[in-house]
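Sequential numbering of the sequence shown, starting at 35, is according to my numbering.
Below is one structure, written out as structure tokens, with a few remarks after it.
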Amino acid sequence: MYLTKLLIRDFGKFHNKSMDLQKGVNIVYGEADSGKSTVRDFLIGLMYGIPRREGITRVRSNYELRKPKTGNGYSGTAYINDDENSYLVDRTFLAGAKKASVLDVSSGREVRLNNADTISGTLCETDKNTYLDTKCIVGDSSGKKDLQKYLTNITLTGTSNIDKVKAIKYLEDEKKNHIPKPLIRRLDELDERLSEYDTVDDDIAAVENEIKTLNEEFVMEAERRKRIARRMVENEDGTVTYEADATIEEKIDRITEREKNYVDSDKMIEKAEERLAEEKKAAKIEARKNIKFTDRIPVIFASGIAVILIIAAIVYILPFEDLIRKLFIIFTALFVIITIIDGFRAKGYFDAKEEEDTPDEEEFKKVLEELKEEAEEQEEMEFDMTFAKEFQEKKAVLKEKENALINRRNERNKLRHEFDTVFKKKSELEDEIKAIDLAINKINTLSEKFREDAFKHLLGNVSRYIRRITQDEFSELTFDDKGGIILKADYGYVPINNLTEADAGKVYLAVRLSIAKYLAKEKLPLIIDGTSMLESASEIKALADCLMDMKEEQIIILTDDWGMDSVLKGKGIETNLIRL
């Protein structure tokens, strides 16, 4: 894929600036501050957009830098060709506007972008980060530290934006933050406290069994006392029989039955209230059904209106004066209204009504009186009921014990709920730790693969390009035991930090050209912004040798070296010179 024509409508310092590009080498010449880097940013922005803010991928954003200081425009156009088609790409860089549109020139149809704001995924597969790492070489980034960082990251992670050491350190720190030691301590505390409640369910069952046994004993004692309470009677034939005291037996039966069903007393009162309410409601419904037809309100009002109309008709038929007619009709209407109101009063329509669901007060009083009488009868029992009092006292003690055990069971359930919550959180943290370990292992595995590939393919070509561009001053690039870059010279290995800035720039250029050749997967324009590290024509010729070896479809060199064009042409390379 290559560019054929640019139209920079409004971008940076340019307004309606056009450039014709071609396949092969294009040299964009300009002096300092002429806009060479602006052209570079336009080319990248046209293909991938310019975000207003820097994202998590740390892609450099020049949105504000390249935004025109005057005018409302911020846009440009380019023609992009591949082996088969030609496309017109039009882009607006303003935030909030539609970013990019792609038109198929041959068909005249707009091409839908698979990924918003970028041609990646539509006209190419290379994303912006990969393009910047491989196909965009910026000469002012050729510092020693930048070269060390760039090559180390490329070698170990496959991209310059990911620092393996920092990434693993970050994950290790996150792992430490996720170690659930406080949760483990809390689980141990909760487990120890829960052990104190191990027997609470058995204790509750035992107390309930005691209450059941006590009830059975009471019933048996009541039956025994009934038998003792029978009176002995001498019959006429001399035999002896026992006559039961019906009153005493009835009272004992009543107490026994009350103990058997002591939990149902409240329910009986509720049922009584419900029954009274239902009876009251049913009575009102039945009363409404039995209202006579002539007593219904609509019929009464209709009759009154009919009477008024009939009287009015008669008055108008008879030869009365208009005033007399009106007075007669008015008095007739008042008479009818007063008669209707008086009828309503007589029928009780204006009497205060109780709420439908409120039971009658007298019926409530009657129920309460019956309950009081029953209580008085139980209190007035004449025979010895000491055993019943003892039973109630024992039962009260057992119920108190049961309530205390139920409270302990509730406390245990709260502790169990907290235990389950803490355990779940601990498990989640442990899962996150496993995920972090998996991520670290994955990074190490991929890093080892990238490193093997780099040493197998990349570094050999890097060394070859370094020999060319440095004029055999350095013959090999490799790493020392600590991961630092070292270069082999005739007099031994030289750390990258000991190089001059010019030599470091040449090494950086050789490294970037080699990466563009071996890591780039697609034919995209190769941009070289800045060649100040090349100090002689022989070094430019060495660059030309590397470019011919790379076999790129399109190369765009942004330079302030006017003689580069002639040097490249002297090497037999056809160039397209553009002056800014």
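Where is the CB? At the ideal position from N, CA and C, for every residue including glycine.
Keep in mind it's a predicted model, so treat the numbers as computed, not measured.
- Shown here for Gly69: same chain residues with a beta carbon closer than 7 Å to its own, the five before and five after excluded, namely Gly46, Lys47, Phe48 and Leu614 in chain order.
- Excluding five sequence positions before and after Lys133, the CB atoms of its chain that fall closer than 8 Å to its own CB belong to Gly83, Arg125, Thr126, Phe127, Ala150 and Asp151, given in chain order.
- Nearest to Ile574 by C-alpha distance, out of Ile590, Ile561, Lys557 and Gly597, is Gly597.
- Within the same chain, Lys429, Leu432, Lys433 and Glu436 come within 8 Å of Ile245 by CB-CB distance, once the 5 residues on both sides are set aside.
- In the structure shown, Phe489 falls within a helical segment according to DSSP collapsed to helix, strand and coil.
- For Glu466, the CB contacts under 7 Å within the same chain, skipping 5 residues up- and downstream, are His212 in chain order.
- As DSSP reads the structure, Thr593 sits in a beta bridge with Tyr63.
- Taking C-alpha positions only, Leu521 is separated from Glu608 by approximately 34 Å.
- Arg359 carries a helical assignment under DSSP once its states are collapsed to helix, strand and coil.
- DSSP places Val172 inside the beta strand (DSSP E), whose first and last residues are Cys170 to Val172.
- Contact annotation: Ile590 and Ile188 have beta-carbon atoms that are not nearer than 9 Å.
- Gln505 carries a coil assignment under DSSP once its states are collapsed to helix, strand and coil.
- The residues Ile153, in chain order, have a CB closer than 6 Å to that of Met81 in the same chain once the five nearest residues on each side in sequence are set aside.
- C-alpha of Thr156 to C-alpha of Arg146: approximately 8 Å in a straight line.
- Unbroken beta strand (DSSP E) runs of no fewer than 3 residues, entirely contained in the stretch 492-569, are found at 510-513, 519-523, 526-529 and 560-563, following chain order.
- Across the set Thr160, Leu40, Glu98 and Val62, the C-alpha of Leu40 shows the shortest separation from the C-alpha of Gly110.
- Shortest Cα-Cα distance from Gly517 to any of Leu190, Thr72 and Pro332 involves Leu190.
- In this structure the stretch 238-258 does not touch the stretch 491-502; the number of beta carbon pairs closer than 8 Å is below three.
- Here Pro214 is buried: its Cβ has 16 or more other Cβ atoms, across all protein chains shown, within 10 Å.
- In this structure, DSSP gives Leu55 a state outside helix and strand, which the three-state scheme calls coil.
- Buried is the label assigned to Ile171, since at least 16 other Cβ atoms lie within 10 Å of its Cβ.
- Only buried fits Tyr184, as 16 or more other CB atoms lie within 10 angstroms of its CB.
- For Asp235 against Arg443, the beta-carbon gap comes to about 7 Å, under 8 Å, which counts as contact.
- Contact between the stretch 531-551 and the stretch 475-495 is present: 3 or more CB-CB pairs across the two stretches fall below 8 Å.
- Take the alpha-carbon of Lys585 and the one of Asp117: they are about 16 Å apart.
- In the three-state scheme derived from DSSP, where H, G and I count as helix and E and B as strand, Glu144 is classed as strand.
- Separation of Tyr121 and Asp138 (C-alpha to C-alpha, rounded to the nearest whole angstrom) is 5 Å.
- Counting C-beta atoms within 10 angstroms of its own C-beta, Met254 has fewer than 16 neighbours from the protein chains shown and is therefore classed as exposed.
- Annotated three-state conformation of Ile84 is coil, per DSSP.
- Counting along the chain, Phe45 sits inside the beta strand (DSSP E) bounded by residues Tyr36 to Phe45.
- Judged by DSSP secondary structure, Leu611 falls within the beta strand (DSSP E) whose first and last residues are Thr609 to Arg613.
- A straight line joining the alpha-carbon of Asn475 with that of Ala554 spans about 26 Å.
- Using a Cβ distance threshold of 9 Å, Ile561 and Arg100 do not count as a contacting pair.
- DSSP lists Ile114 and Asp138 as the bridge partner or partners of Tyr121.
- The C-alpha of Gln56 is placed about 17 Å away from the C-alpha of Val123.
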